[in-house]
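Here the sequence shown is numbered in full-length UniProt numbering, starting from 1 and rising by one per residue. Cβ coordinates follow ideal geometry from the N, Cα and C atoms, glycine included. Input: a single structure, listed below in structure tokens.
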Amino acid sequence: MWDFLQAMLAAIATGNLEIVKFMNETCGEELYGWGISDNYTCPLARAIECGQVEFVKYLYTNG
């Protein structure tokens, strides 16, 4: 599952909302089960860090 999380974070960083939506709908709960650590950024935090306002709105309402 770690690879899926990394793919989602990369999709957020590169602005690919369709991939983020697909991954969130397909395996969202599993993606959000990781604990917070120095090696992990949650998708919502990554969207905020990257200034992806549409991603923030989507993840906040659907995550």
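With at least 16 other beta carbons inside 10 angstroms of its own, residue 56 counts as buried. Contact between residue 59 and residue 31 does not hold, since their C-beta atoms are separated by about 11 Å, which reaches or exceeds 8 Å. Here the alpha carbons of residue 61 and residue 3 stand approximately 24 Å from one another. According to the DSSP assignment, residue 51 belongs to no alpha helix (DSSP H), since it is labelled neither H nor E. 8 Å or more divides the Cβ of residue 16 from the Cβ of residue 63.
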